[in-house]
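Down below is the structure, laid out as structure tokens.
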Amino acid sequence: MPTLLALVPALALAAPQEAEPLQEFSSDAPVAPTVTVRGDVRLMGGVDTGFEPARDDGLGEHVVDGWGRASLATDVKLGPSLRLVVEGRALWRGGAQKGFEREKSSFEPFVGEAFLDVYTPWVDVRVGQQTLVFGANPFFAPTDVLNPRDLRQSFVQLEPEDLKLPVFAARALASVGPLSVTAVWAPFFFADRYDVFGQDMALLQPQLGVPVPISVDPSVEDGLQPHLLETQRPGLPGDVGLRVTGDVGRVKLGGSWVWANEKQPQVTFDPELETLLRARERGEPVDAALLLSLQDRLSAGERLITGRYARQHVVAAEASTLVGSAQLDVDVGFSPSRTFYSDRLRPLRKSAVSWVVGVSQAEESDLIYSVTYTGLAVPDVGAQEVLFLLEPGTARGQERTAFFHLLVADVGYSLLEGRLQVGMRGAFEPIQRSFLVAPRVGWRVSEHVHVGLAAEVYGGPSFSAFGYFNRNDQVLASVRLSL
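Per our numbering, the sequence shown starts with residue 1, numbered consecutively.
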């Protein structure tokens, strides 16, 4: 399940407005300190196209949603060798089911990018909260796993800077002959942000048939969810990574290695507890001896659910070049062991090969486009195993290599000297023929004010990549205010 859920919000990042790293401070910069302040406020509201009746089981659909994001950053260049960036961010979100039942809202202030850059003739060092880039593709690359993701928003609502959350790390960047070498150490663990239940993009959707594990008031349920599936968090040594790149003619080639904690827990249920839950799902009577055994074990303090974060090695090769007015990026990666889930939500540790090919507009133009194809191959899938949401149930029956393919595109066009923008985001998964379509239109009211309208439509079988979220079709309106 972590693999699939990371894909859905990440689709927003196929847009050509990719998050650029903050500009490095060059040695010929003025000696006198300079200060740059940037910030914005983004508000968005959505209304579903189909009003599902309210539910009391925690799996209800939000027919109205509201989101607000704000950020304020100060970039201080203290001299030719020092730079300090401090950013604060805040998130507000609220929603309600049909009839404005089970309404709720939450507010989350947190630190964004906050780091110190030190530049020397030999190496540039950055320490603090930062967004790291590994691989040619800035968001889909196989080794780009050091930053946790925010998986709580939908396809249209996400901006590139929203998905990858800054992580505390030390990064060193050095030139060794013709090569550029990047070394990273992130000592502290930060998990993905996701919803288990009670939100439109939650892990548990009604068709899964899994009951919500707790029953609490809506006003506090979102505050509990970050730790609901975990029983233990990793300590040291944290995450480490190494990347080496160099130019060969017009092509930039590179390789990278990462040893990191996965950012979503590997959840395991005790066999007796799993038997009880399956019987409840099917409406079957539960064996009295089984209930007594579970009660005795709970009384003895046994742990029936564990949620731990596994580690994985990932190695990858990358290449990027300009082809006319387009940039071509290619990444290929391999992990000897990573976590997938079966259709019974049992964690499976499998090796995996992944690849990404992206083409995007590299020159300024009224027409902006980006097309990304990403694929995944998982060998040695057992005859009775089905990778949840990554392959259809009909795949069961023989040992195989499972394949998953995803095509993502974003096209935008500016008219009226840039005041009007129209565009379309889309994604298609060909094996189960699931899709997501998101048209949009925006108007630049002034230099600092933008408004927009958008929609998103999900389709496909209930247990496909996008069909799993097919009750979340909606229309959205947005306002963005920037400094």
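We put the CB at the ideal spot given by N, CA and C, even for glycine. It should be emphasised that the depicted structure is a prediction, and the values quoted were computed from it without experimental measurement.
Cβ atoms of residue j and residue i: under 8 Å apart, would you say?
i: I564; j: P392; result: Because the chain spans 1 through 483 in this model, residue 564 falls outside it and cannot be assessed.
i: R42; j: S414; result: no
i: V449; j: L406; result: no
i: A454; j: G426; result: no
i: S320; j: T143; result: no
i: R444; j: G467; result: no
i: L59; j: L204; result: yes
i: V258; j: G241; result: yes
i: L294; j: E272; result: yes
i: S81; j: V35; result: no
i: K263; j: D192; result: yes
i: L179; j: G246; result: yes
i: V451; j: G46; result: no
i: V216; j: L224; result: yes
i: D473; j: D48; result: yes
To which residues of the same chain is residue i closer than 6 Å at the C-beta, ignoring the five residues directly before and after it?
i: Q232; result: R308
i: P226; result: none
i: V437; result: G426 and V457
i: F469; result: Y458
i: E103; result: A96
i: A317; result: G255 and V332
i: V441; result: V422 and L453
i: R297; result: none
i: L22; result: Interpretation of L22 is limited by its pLDDT of 40, a score under 50 that renders its predicted location unreliable; the figure taken from the coordinates is listed afterwards. None.
Where does residue i sit, in a helix, a strand or coil, going by DSSP?
i: P218; result: helix
i: L132; result: coil
i: Y309; result: coil
i: S71; result: strand
i: K263; result: coil
i: S482; result: strand
i: G177; result: coil
i: G50; result: coil
i: S26; result: Bear in mind that a pLDDT of 48 at S26, under 50, signals an unreliable position, so the number given afterwards is only what the model happens to contain. Coil.
i: F466; result: coil
i: P160; result: helix
i: P548; result: Past the edges of the chain, shown from 1 to 483, lies residue 548, and the structure says nothing about it.
i: E417; result: coil
i: Q361; result: strand
i: T275; result: helix
i: S299; result: helix
i: F100; result: helix
i: T321; result: strand
i: S293; result: helix
Give me the DSSP bridge partner(s) of residue i.
i: R126; result: D117 and R171
i: A477; result: G45 and L453
i: G94; result: G66 and S105
i: L387; result: S342
i: Y458; result: L436
i: H405; result: G375
i: I431; result: According to DSSP, which records beta bridges pairwise, I431 is partnered with nothing at all.
i: F189; result: F189 is not bridged to any residue.
i: D239; result: A186
i: R38; result: A73
To which residues of the same chain is residue i closer than 7 Å at the C-beta, ignoring the five residues directly before and after it?
i: G135; result: A141, P142, T143, D144, S256, A316, E318 and D331
Just to confirm my understanding: we take residue i, look at its own chain, exclude 5 residues before and 5 after, and list those with CB closer than 8 Å. What are they?
i: S325; result: Q361, A362, E363 and S365
i: S351; result: F334, S335, P336, S337, R338, V378, P379 and D380
Does the segment 109-125 come into contact with the segment 155-175, if we say contact requires no fewer than three beta-carbon pairs (one atom in each stretch) closer than 8 Å?
Contact between the segment 109-125 and the segment 155-175 is present, because at least three Cβ pairs lie under 8 Å.
Does the segment 79-97 come within contact of the segment 113-120, defined as at least 3 CB pairs closer than 8 Å?
yes
Would you say the segment 65-75 touches the segment 88-106, given that touching needs at least three Cβ pairs under 8 Å?
yes
Specify whether the segment 372-391 and the segment 344-364 touch according to this definition: at least 3 beta carbon pairs, one from each stretch, less than 8 Å apart.
yes
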